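**Student:**
Number of protein chains: 2
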Amino acid sequence: MADQRDTADRFLPRFDAAGLVTAIVTDASTGVLLMVAHMNADAIERTQATGKAHFWSRSRSALWRKGETSGNELTLVEMRVDCDQDAVLLRVRPAGPACHTGRRSCFYRRVEADGSLVFLDDDAHS
Amino acid sequence: MADQRDTADRFLPRFDAAGLVTAIVTDASTGVLLMVAHMNADAIERTQATGKAHFWSRSRSALWRKGETSGNELTLVEMRVDCDQDAVLLRVRPAGPACHTGRRSCFYRRVEADGSLVFLDDDAHS
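Protein chains in written order, with the numbering used here: chain A, 1 to 126; chain B, 1001 to 1126.
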């Protein structure tokens, strides 16, 4: 509670035990939520240095540049940080679908009360 | 890679070692990113059952209903899940500011290249 991260004017990411912060990626022009990933200090630095989104893959334990194989890179427009500095928002210009399934957004299914999932049209993302 | 979570029509959250998924909260009417939190199975169940957003506080190790003290509850409009089912999107109708600082969104600061943070007007959120 005494932490000053919410009033700080310096970027002091609060990395978790694995050295990561949550990264939320939205389309800068539409505001649509595209994907969620994780960043370590290196991913943040490379994203800032190159203007292309880099993340840390927890499953592969490796730094990756989004689009390095698919070509669907994300060009950084603006980075924001949340109040307690354990999450960042990347507002980007996507070169193509952000999801590995070929969809614009990774959030393409609605959760129903009974636990079923309903697939949404790409246009439904907002 | 052989995991079928991205094509499944059933909600099968992929909880991390701590039993949590990432929860992204947006304003259902504007699409603005409001906050990021975590949910365990109980938080998901109570959110679905009550229509009010519940989360798991990692710092307090406790379930909490957003707004239980501030009154700024979040009424669920729709829940979505991402491709690998380790993150959910809550599209909500907020009763007031989502951030504990009194701001509409927790993402009220822009990260500059030199590591400084610039405070944004509430209207700048998108």
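Don't be surprised by glycine CBs; every beta carbon is placed ideally from N, CA and C.
Computed from a predicted model, the values in this text were never measured in an experiment.
What are the residues of the region 50-75 of chain A that lie near chain B, defined by any Cβ-Cβ distance shorter than 8 Å?
**Tutor:** Flagged: no residues at all.
**Student:** Mind listing the chain B neighbours of Thr26/A? Cutoff is C-beta to C-beta under 7 Å, in chain order.
**Tutor:** As a position in the first sequence, residue 26/A is number 26, starting the count at 1. Ordered by position in chain B, the residues that pass the 7 Å Cβ test against Thr26/A are Leu1033.
**Student:** Quick check: is any heavy atom of the ligand MG less than 7 Å from the C-beta of Ser1059/B?
**Tutor:** For the structure depicted, the ligand MG is absent and the ligand set is empty, with no information on it obtainable.
**Student:** DSSP state of Glu78/A, grouped into three classes?
**Tutor:** As a first step, residue 78/A must be located in the first sequence, where it is residue number 78. Strand at Glu78/A.
**Student:** Would you call the region 98-114 of chain A and the region 33-41 of chain A in contact, with 3 or more CB pairs under 8 Å?
**Tutor:** Judged by Cβ distances under 8 Å, the region 98-114 of chain A makes contact with the region 33-41 of chain A, as three or more pairs qualify.
**Student:** Measuring only the C-alpha atoms, how far is Ser1061/B from Asn1040/B?
**Tutor:** Numbered from 1 along the second sequence, position 61 holds the residue referred to as residue 1061/B. Numbered from 1 along the second sequence, position 40 holds the residue referred to as residue 1040/B. About 11 Å.
**Student:** Could you check whether Val1092/B and Leu1117/B sit closer than 8 Å to each other, using their CB atoms as the reference points?
**Tutor:** By 1-based counting over the second sequence, the position of residue 1117/B is 117. By 1-based counting over the second sequence, the position of residue 1092/B is 92. No, these two residues do not count as a Cβ contact at 8 Å.
**Student:** Pull up the distance between the alpha-carbon of Glu1112/B and that of Ala43/A, whole angstroms please.
**Tutor:** For the purposes of this step, residue 1112/B is identified with residue 112 of the second sequence, where counting begins at 1. For the purposes of this step, residue 43/A is identified with residue 43 of the first sequence, where counting begins at 1. Taking the straight line joining both Cα atoms gives about 16 Å.
**Student:** Measuring CA to CA, which of Gly115/A, Gly96/A, Ala23/A is closest to Asp122/A?
**Tutor:** The residue you call residue 122/A lines up with position 122 of the first sequence. For the residues Gly115/A, Gly96/A, Ala23/A, the minimum Cα distance to Asp122/A belongs to Gly96/A.
**Student:** Going by other Cβ atoms of all chains shown within 10 Å of its Cβ, with 16 needed for buried, is Arg14/A buried or exposed?
**Tutor:** As a working mapping, residue 14/A is identified with position 14 in the first sequence. Looking at its Cβ environment, which holds fewer than 16 other Cβ atoms inside 10 Å, Arg14/A is exposed.
**Student:** Using CA coordinates, which residue listed in Val88/A, Gln48/A, Asn72/A, Asp114/A is at the minimum distance from Asp1114/B?
**Tutor:** Position 114 of the second sequence, counted from the first residue, corresponds to residue 1114/B. Nearest option by C-alpha distance: Gln48/A.
**Student:** Taking its Cβ as the centre, do 16 or more other Cβ atoms sit within 10 Å of Ala1098/B, making it buried, or is it exposed?
**Tutor:** Sequence index remark: in the second sequence, residue 1098/B carries index 98 (1-based). So Ala1098/B counts as buried.
**Student:** Looking at chain B, is there any beta carbon in it that lies within less than 8 Å of the beta carbon of Phe11/A?
**Tutor:** On the first sequence, position 11 is the one that residue 11/A refers to. Closer than 8 Å: yes.
**Student:** Consider the Cβ of Arg104/A: report whether some Cβ of chain B lies at a distance smaller than 8 Å.
**Tutor:** The sequence position of residue 104/A within the first sequence is 104, counting from 1. Arg104/A does not count as touching chain B.
**Student:** In this structure, how does DSSP classify Thr50/A when only helix, strand and coil are distinguished?
**Tutor:** In the first sequence, the residue the question calls residue 50/A occupies position 50. Thr50/A: helix per DSSP, three-state reduction.
**Student:** Could you work out which residues of chain D lie near Ala1087/B, taking near to mean beta carbons separated by less than 7 Å?
**Tutor:** Any reference to chain D falls outside this structure, whose protein chains are A and B.
**Student:** State the CB to CB distance for the pair His1038/B and Arg1058/B, rounded to an integer number of angstroms; the pair is presumed to be in contact (CB under 8 Å).
**Tutor:** For the purposes of this step, residue 1038/B is identified with residue 38 of the second sequence, where counting begins at 1. For the purposes of this step, residue 1058/B is identified with residue 58 of the second sequence, where counting begins at 1. Sure, about 6 Å apart at Cβ, within 8 Å.
**Student:** What three-state label does DSSP hand Asp1122/B in the structure shown?
**Tutor:** Translated into the one-based positions of the second sequence, residue 1122/B becomes position 122. Here Asp1122/B sits in helix by DSSP.
**Student:** Is there at least one Cβ from chain B nearer than 8 Å to Gly115/A's Cβ?
**Tutor:** On the first sequence, position 115 is the one that residue 115/A refers to. Yes, its Cβ sits closer than 8 Å to a Cβ of chain B.
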